[in-house]
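Visitor: Next up is a structure, given as structure tokens.
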């Protein structure tokens with residue numbers, strides 16, 4: 009799917025940590041193989057932080073997490089749309105996506121899958137399709153948001169890449185109460201996808217558009 013250093017890859021993360029959850033180990037693989045990965049997060053989720061955490065907590069945590077995956081700090085784009093209210097900001101989000109496309113011209117884009125029922129994730133998916141219609145687009149899975157998932161593309165992984173995903177997600181101290189942030193869940197899902205793809209570990213994606 010990706011040849012070494014021939015593609016700029018853009019990861020669209022509605023909220024900080026979505027990109028790591030959906031394709032964190034794949035990001036670790038891409039950066040280790042010389043690909044440039046741009047990570048764009050659209051909400052810092054200030055209104056949904058647990059009590060006791062400062063408003064800028066997730067901005068600090070996402071910087072630490074993406075660095076663990078090998079993403080250059082200059083390739084991290086942070087926006088601050090209100091969580092669960094993306095529908096009210098569709099045009100502004102589309103404008104930001106158009107600017108990202110103009111600036112980076114990504115060959116490959118990762119976004120939430122079309123099966124994702126979270127309202128903010130749905131907006132990012134829909135506007136990504138409008139923006140990146142000449143790029144390959146792959147939808148990452150988030151089982152807690154998917155009633156169904158048509159996974160047709162697998163990216164095989166080694167143990168080191170999976171461990172980098174686990175370490176990256178551990179940087180989100182404000183989110184450790186969530187069951188899907190736990191290493192046991194992350195490893196179990198990667199193991200299932202590995203069995204399905206004839207490898208030890210893998211991440212699975214919906215093939216929305218493939219441009220070869």
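In our numbering, the protein residues as written are 9 to 220.
Note that CB positions come from ideal geometry on N, CA and C, so glycine has one too.
#1: Going by alpha carbons, who is nearest to residue 204 out of 174, 180, 164, 169?
#2: To the nearest angstrom, report how far apart residue 63 and residue 207 are at their CA atoms.
#3: Could you tell me the distance, in whole angstroms, from the CA atom of residue 201 to the CA atom of residue 40?
#4: Buried or exposed: which applies to residue 49, given that a residue is buried once 16 or more other Cβ atoms fall within 10 Å of its Cβ?
#5: Go through its chain and collect everything with a Cβ distance to residue 100's Cβ below 8 Å, but skip five positions before and after it.
#6: Could you give the residue range of the beta strand (DSSP E) that holds residue 214?
#7: Would you decide whether residue 76 is buried or exposed? Buried here means 16 or more other CB atoms lie within 10 Å of its CB.
#8: Within its chain, find whatever has a CB closer than 7 Å to the CB of residue 131; leave out the 5 residues flanking it on each side and keep chain order.
#9: What does the alpha-carbon distance come out to for the pair residue 79 and residue 61?
#10: Opposite residue 170 in the DSSP bridges: which residues?
Guide: Based on what the coordinates show:
#1: Along the chain shown, one-based indexing puts residue 204 at 196. Residue 204 has its Cα closest to that of 164, out of 174, 180, 164, 169.
#2: Along the chain shown, one-based indexing puts residue 63 at 55. Along the chain shown, one-based indexing puts residue 207 at 199. Between residue 63 and residue 207, the C-alpha separation is close to 41 Å.
#3: Numbered from 1 along the chain shown, position 193 holds the residue referred to as residue 201. Numbered from 1 along the chain shown, position 32 holds the residue referred to as residue 40. If I take the Cα positions, the gap works out to 21 Å.
#4: Counted from its first residue, the chain shown places residue 49 at position 41. The residue is buried, with at least 16 neighbouring Cβ atoms inside 10 Å.
#5: Your numbering for residue 100 matches position 92 in the chain shown. The answer, listed in chain order, is 89.
#6: Residue numbering aside, residue 214 sits at position 206 when the chain shown is read from its first letter. Here the beta strand (DSSP E) through residue 214 covers 209 to 217.
#7: Position 68 of the chain shown, counted from the start, is the residue given in the question as residue 76. Buried, by the Cβ-count rule.
#8: Mapped onto the chain shown, residue 131 falls at position 123. These residues qualify, in order along the chain: 94, 95, 98, 101.
#9: Taking the chain shown and counting its residues from 1, one reaches residue 79 at position 71. Taking the chain shown and counting its residues from 1, one reaches residue 61 at position 53. Looking at the two C-alpha atoms, the distance is approximately 25 Å.
#10: The sequence position of residue 170 within the chain shown is 162, counting from 1. Looking at the DSSP assignment, residue 170 forms no beta bridge with any residue, so it has no partner.
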